[in-house]
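S.K.: Got a structure for you, written out below as structure tokens; questions coming shortly.
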Amino acid sequence: SEETARKNIKGMIDNAWKKVNGKCFTTNQVPFLSSFMNNATNMARVAHSLYKDGDGFGDQEKGPRTHILSLLFQPLVN
Numbered sequence: 658s659e660e661t662a663r664k665n666i667k668g669m670i671d672n673a674w675k676k677v678n679g680k681c682f683t684t685n686q687v688p689f690l691s692s693f694m695n696n697a698t699n700m701a702r703v704a705h706s707l708y709k710d711g712d713g714f715g716d717q718e719k720g721p722r723t724h725i726l727s728l729l730f731q732p733l734v735n
């Protein structure tokens, strides 16, 4: 079913992020590689954040605008 397929894909994405984050934290011996991995990982995180719920630019109400406003202007604790 579509729901099963979505869960499978989400699981694959979660596993991929675990691998990426694991590599990011084990490259501290080589300064250039560490810096490169941090930048590449952050770019992947931004892309994932923008497109995880569909088109991050076309629908501004569901896209990054709402996410950025909640990060910057809504308190974490009331």
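Sequential numbering from 658 applies to the sequence shown in the numbering used here.
Each residue gets a CB set at the ideal place from its N, CA and C atoms; glycine is no exception.
#1: My output table needs one value for SER706: the three-state DSSP class, helix, strand or coil.
#2: Is DSSP giving SER658 helix, strand or coil here?
#3: Would you report the Cα separation of PRO732 and LEU726, rounded to the nearest angstrom?
#4: Taking the CB atoms as reference points, tell me whether ILE670 and HIS705 lie closer together than 9 Å.
#5: For SER692 and ALA673, what's the separation of their Cα atoms in angstroms?
#6: In angstroms with no decimal places, state the Cα-to-Cα distance between ASN665 and ASP710.
M.R.: According to the structure data:
#1: helix
#2: coil
#3: 11 Å
#4: yes
#5: 20 Å
#6: 16 Å
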